[in-house]
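Worksheet for the structure shown next.
There are 2 protein chains.
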Amino acid sequence: MTGRGAFDGVLDGLGAAIVSGRVPAGHVESVEAIVARTGVSRSIVREAVRVLVAAGLLSAGRRVGLRVLPDTSWDALNADVIRWRLDAPSRAAQLTELIEVRLAFEPPAAAAAALRRTDAEAARLSELADAIAAAASPDAFFAADVGFHSLLLACSRNAMFARLQTVVAEALRERSLGGHPRYPADPRDVELHGLIAAAVGAERPQEASARTRELVERNSNRPALPR
Amino acid sequence: MTGRGAFDGVLDGLGAAIVSGRVPAGHVESVEAIVARTGVSRSIVREAVRVLVAAGLLSAGRRVGLRVLPDTSWDALNADVIRWRLDAPSRAAQLTELIEVRLAFEPPAAAAAALRRTDAEAARLSELADAIAAAASPDAFFAADVGFHSLLLACSRNAMFARLQTVVAEALRERSLGGHPRYPADPRDVELHGLIAAAVGAERPQEASARTRELVERNSNRPALPR
DNA sequence: GGAAGGAATAAACATACTATTCGTTGGGGT
DNA sequence: ACCCCAACGAATAGTATGTTTATTCCTTCC
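As they're listed, the protein sequences go chains E and Z. Position one of the first sequence corresponds to residue 10 (the numbering used here), numbered consecutively onward. Position one of the second sequence corresponds to residue 10 (the numbering used here), numbered consecutively onward.
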């Protein structure tokens with residue numbers, strides 16, 4: 010039906026419809042109704058529903074049907090949910106939240122990275138900082154930027170920090186696509202990447218933390234939450 | 010098979026097997042093999058697999074089967090994954106990470122709460138602080154503690170912060186069940202809950218942040234990451 | 001030796017059956 | 001006459017099995 014598979018089509022369609030608010034919380038659907046509406050088989054719909062239940066978007070009850078849950082029970086950290094929110098009226102709120110989350114996590118993660126990185130990781134981080142400075146195109150800049158932040162988070166040796174890489178990548182992508190061209194890059198931003206790599210390499214956690222905070226704040230275009 | 014439904018049994022069994030490392034990364038299964046081993050139907054196995062794929066534990070490919078993915082691609086923020094890691098040899102690492110995550114985001118979230126809470130929420134937060142002080146049993150203390158932290162996060166008006174409530178609840182639960190009896194409660198801990206509620210009520214973000222940081226640090230039993 | 005085609009295999013998809021739950025209705029008791 | 005409770009029935013998620021299609025590997029032919 011959708012080219013990239015019936016399952017993906019149904020999952021994305023349902024998820025986007027719920028997150029966008031087109032189907033309000035409390036609304037009751039049924040597998041059968043979705044089958045009739047989309048034309049795909051029960052199996053596929055059920056599989057998609059199971060994923061949405063796991064994401065907190067739906068609850069399933071016998072004789073009750075599929076109840077759309079309020080946004081308070083959605084798994085806001087789920088990559089799909091983030092994407093759906095970015096394609097919905099909640100887009101602006103989601104972007105604000107992404108920045109706040111970055112501001113909270115990245116400085117401590119950088120501190121942890123400075124304490125726990127391997128020498129090879131420190132070297133690779135410096136390379137990526139150089140690549141950011143030398144980037145000759147928006148795409149190259151974006152790729153190096155995402156690589157840098159992903160590696161920084163991975164060096165923290167904390168799987169939960171590392172997973173927030175998806176959040177950072179989404180924020181960077183939005184920034185590079187949105188109304189704020191990031192290329193040619195701001196010189197101070199470039200410099201900060203180098204300073205962070207150096208602080209991590211020199212095992213200076215508080216410096217890594219402070220530089221990272223400055224970098225994220227500069228990219229946030231808004232007053233930071235008081236510390 | 011499992012009493013609480015075949016689906017839950019299969020999902021939990023597979024997830025725990027992968028996260029515990031009993032089934033190593035790179036191992037290739039197949040739906041049919043799981044059907045034969047567990048005795049449940051293909052539908053159920055497929056639905057469970059779809060959830061595990063969404064959680065980053067498996068990848069499914071035609072003619073290839075189900076490939077177990079390395080832990081770097083697991084969704085470490087997923088509630089199920091956290092639970093499975095707590096029931097595995099990675100338990101100690103998971104607890105350390107939970108504390109680091111709390112330390113990173115709870116102070117900023119408290120600051121946001123101080124700026125954005127409603128009056129009703131501030132009042133309710135005070136009530137919960139009082140309930141913590143007055144708790145007459147370990148269960149009552151735990152319930153009030155979880156309620157307090159959940160509400161604090163919800164007041165931040167950031168869905169991603171609010172969702173980390175599961176992380177906090179898990180950390181508190183471990184603490185109350187584990188070797189560190191939390192009841193009768195430490196007087197300073199009780200006092201800090203009151204001070205946080207007051208700071209949020211008085212719209213003092215930096216004070217709310219600092220008190221929250223102190224509280225989480227006191228509960229961490231380890232040197233905090235440098236700021 | 002390389003490319004193209006075919007066969008085997010396993011996920012993707014569709015359909016059929018079962019068990020459970022909740023609403024409704026009818027009867028009996030207050 | 002009204003209310004409560006229990007039994008029955010319909011509706012829907014849960015479970016099971018059959019069918020199709022895409023992918024990959026291996027073989028063969030150029």
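Virtual Cβ for every residue (Gly too), placed ideally from N, Cα, C.
Within chain E, the residues that alanine 121 of chain Z reaches when beta carbons sit closer than 8 Å: By Cβ distance, chain E contributes Glu109 and Leu234.
Exposed unless 16 or more other CB atoms sit within 10 angstroms - verdict on threonine 81 of chain Z: Exposure of threonine 81 of chain Z is indicated by the presence of fewer than 16 other C-beta atoms within 10 angstroms of its C-beta.
Per DSSP, cross-strand counterpart(s) of serine 68 of chain E: Checking the DSSP bridge columns, you'll see serine 68 of chain E partnered with E:Arg76.
Distance between alanine 178 of chain Z and glycine 18 of chain E (C-alpha atoms, nearest Å): Taking the straight line from one Cα to the other gives about 35 Å.
Identity of the residue in Z:Asp89, Z:Thr175 and Z:Arg100 nearest valine 60 of chain E by Cα: Looking at the Cα atoms, Z:Asp89 is the closest of the given residues.
Within chain Z, the residues that alanine 171 of chain E reaches when beta carbons sit closer than 9 Å: Residues of chain Z with a Cβ closer than 9 Å to the Cβ of alanine 171 of chain E are, in chain order, Thr81 and Ala85.
Burial state of valine 225 of chain Z (16 or more Cβ within 10 Å): By the neighbour-count rule (16 or more Cβ atoms within 10 Å), valine 225 of chain Z is buried.
As assigned by DSSP and simplified to three states, the class of glutamate 38 of chain E: Per DSSP, reduced to three states, the secondary structure at glutamate 38 of chain E is strand.
Minimum C-alpha distance to isoleucine 27 of chain E - residue among E:Val49, E:Arg55 and E:Val77: Looking at the Cα atoms, E:Val77 is the closest of the given residues.
Endpoints, the alpha helix (DSSP H) within which proline 242 of chain E is located: Chain E is shown only over 10 to 236; residue 242 of chain E falls outside these bounds and no answer can be derived.
Cβ of leucine 134 of chain E within 8 Å of any chain Z Cβ: Under the Cβ distance rule, leucine 134 of chain E does not count among the residues neighbouring chain Z, no pair being separated by less than 8 Å.
Where proline 214 of chain E meets chain Z, residues with beta-carbon distance less than 8 Å: Going along chain Z in sequence order, the residues near proline 214 of chain E (Cβ under 8 Å) are Leu234 and Pro235.
Extent of the continuous alpha helix (DSSP H) run through aspartate 89 of chain E: Following the DSSP letters along the chain, one finds aspartate 89 of chain E inside the alpha helix (DSSP H) bounded by residues 88 to 95.
Selection from Z:Gly14, Z:Ser68, Z:Val54 and Z:Glu56 that minimises the alpha carbon distance to alanine 34 of chain Z: The closest CA to that of alanine 34 of chain Z, considering only Z:Gly14, Z:Ser68, Z:Val54 and Z:Glu56, is found on Z:Ser68.
Proximal residues of chain E, C-beta to C-beta of asparagine 230 of chain Z below 7 Å: Simply none; closest approach about 17 Å.
Alpha-carbon spacing of alanine 121 of chain Z relative to serine 29 of chain E, whole angstroms: Separation of alanine 121 of chain Z and serine 29 of chain E (C-alpha to C-alpha, rounded to the nearest whole angstrom) is 25 Å.
Any C-beta of chain E under 8 Å from that of valine 60 of chain Z: Yes, valine 60 of chain Z lies at the interface with chain E (some Cβ there is under 8 Å from its Cβ).
Under 8 Å between C-beta atoms of arginine 213 of chain E and alanine 129 of chain E: Going by C-beta atoms, arginine 213 of chain E is not nearer than 8 Å to alanine 129 of chain E.
Simplified DSSP assignment, three categories, for valine 58 of chain Z: Note: valine 58 of chain Z maps to helix in three-state DSSP.
Three CB pairs or more closer than 8 Å across the stretch 150 to 159 of chain Z and the stretch 167 to 181 of chain Z: Touching, per the Cβ criterion.
Interface flag, alanine 26 of chain E vs chain Z, CB-CB below 8 Å: Not a single CB atom of chain Z sits nearer than 8 Å to the CB of alanine 26 of chain E.
Helix, strand or coil at glycine 30 of chain E according to DSSP, with G and I counted as helix: If DSSP states are grouped into helix, strand and coil, glycine 30 of chain E belongs with coil.
7 Å Cβ shell around threonine 11 of chain E - same chain, five flanking residues per side excluded: Its pLDDT being 38, under 50, threonine 11 of chain E is placed unreliably by the model, and the measurement read from it follows with that caveat. The beta carbon of threonine 11 of chain E sits closer than 7 Å to those of Asp17 and Gly18, all from its chain and outside the five residues before and after it, given in chain order.
Cβ neighbours of methionine 169 of chain Z in the same chain (closer than 7 Å, five flanking residues each side left out): Scanning its chain for C-beta atoms nearer than 7 Å, with the 5 sequence neighbours on each side dropped, one finds no residue around methionine 169 of chain Z.
Three-state secondary structure assigned by DSSP to alanine 144 of chain E: Here alanine 144 of chain E sits in coil by DSSP.
Min CB distance arginine 76 of chain Z to chain E below 8 Å: No - not a single Cβ of chain E is within 8 Å of the one on arginine 76 of chain Z.
Minimum C-alpha distance to histidine 36 of chain E - residue among E:Gly22, E:Leu66 and E:Arg222: Of the listed residues, the one whose Cα sits closest to histidine 36 of chain E is E:Leu66.
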